[in-house]
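K.L.:
Written as structure tokens, this is what we have:
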């Protein structure tokens, strides 16, 4: 009985142990810019860059679109990009995108897997 309890406790401790990690690096925010005018009809803009090579920028501008009922409505055209580095080769990959009344369209590197 004692052996069973001891083995059960040993298994519980082993399962509860945090996983081994090779990289405990905390990502640091190097740059950040915000321009938030949501609710004012002016759109928004933001960007950031991290020390691990990740970058993102995005902005939105109001546009007029025709609704299904024929009325004119305000929507937003969003444009942006994000970049990251391959962890081994440090090669940077960038994806750009547009989201508007025509849907979401992304342009990305052809060698991106």
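Residue numbers (mature numbering (1 follows the signal peptide of the UniProt record, and there is no 0)): -16 to -1, 1 to 97. Every residue gets a Cβ at the ideal spot worked out from N, C-alpha and C, and that includes glycine. Bear in mind that the values here come from a model prediction, so they are computed numbers and not experimental data.
1) Would you please state the rounded distance, in angstroms, between the beta carbons of residue 41 and residue 31? I believe it to be under 8 Å.
2) The beta strand (DSSP E) with residue 56 in it runs from where to where?
3) If you draw a straight line from the alpha carbon of residue 21 to that of residue 62, how long is it in whole angstroms?
4) Do residue 60 and residue 79 have their CB atoms nearer than 8 Å?
5) Measuring only the C-alpha atoms, how far is residue 77 from residue 93?
6) Could you tell me the alpha carbon to alpha carbon distance between residue 35 and residue 91, rounded to whole angstroms?
7) Residue 55 to residue 26, Cα distance in whole Å?
P.N.:
For this structure:
1) 4 Å
2) 56 to 69
3) 14 Å
4) no
5) 7 Å
6) 24 Å
7) 21 Å
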